[in-house]
Amino acid sequence: MKKIVLPGILAGILMAAVGMLIGYVFNAIFPSLMAEYNNTAIFRAMEDPLMSLFFLYPLILGIALAWLWDKTKGLFKSDNWKRGVHFGLIYFVVASIPGMLITYSSFQVSLLITSTWTLNGLANGLIAGMIFAKMNK
Numbered sequence: 042m043k044k045i046v047l048p049g050i051l052a053g054i055l056m057a058a059v060g061m062l063i064g065y066v067f068n069a070i071f072p073s074l075m076a077e078y079n080n081t082a083i084f085r086a087m088e089d090p091l092m093s094l095f096f097l098y099p100l101i102l103g104i105a106l107a108w109l110w111d112k113t114k115g116l117f118k119s120d121n122w123k124r125g126v127h128f129g130l131i132y133f134v135v136a137s138i139p140g141m142l143i144t145y146s147s148f149q150v151s152l153l154i155t156s157t158w159t160l161n162g163l164a165n166g167l168i169a170g171m172i173f174a175k176m177n178k
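Residues in the sequence shown are numbered consecutively from 42, following the numbering used here.
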């Protein structure tokens, strides 16, 4: 349990922080993104109580990925840093790319917003993988 919960929560906190940073940078470069996020025909308003669940996502993802790392860490045969990167890239290819393809093809969101989410998925995988490789060898 200690090998999953603590690293998972740490990964979740760092993924949330990096996700906010990525969002801030992209919103600064592309101001039109904020208008898209504020479109209540697509997204819930931030004042909606259900939006509080949005902030649990990185923690839940962190714990789920920590569990996955614990079950698969023996498959990665190299130094810790590379093991974490390989794990993160596998997560990105298996979950983020197909997820963002289906998101872009089925929801009325722009390619730009889907691209930021895809980049965030890559960052999430790499951050989590490196944390797990360091904390749970």
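Here a beta-carbon is modelled for each residue, glycine too, at the ideal position from N, C-alpha and C.
With 16 or more other Cβ atoms inside 10 Å of its own Cβ, M141 counts as buried. For P99 and N177, the gap between their C-alpha atoms comes out near 19 Å. Distance between D120 and S73, taken at the CA atoms: about 42 Å. Under the three-state reduction of DSSP output, A86 falls in the coil class, being neither helix nor strand. The three-state secondary structure of M171, taken from DSSP, is helix. Counting only runs of at least 4 residues, the stretch 77–123 fully encloses the following alpha helix (DSSP H) elements, listed from N- to C-terminal order: 98–113. The Cβ neighbour count for I83, taken over all protein chains shown within 10 Å, is under 16; the residue is labelled exposed.
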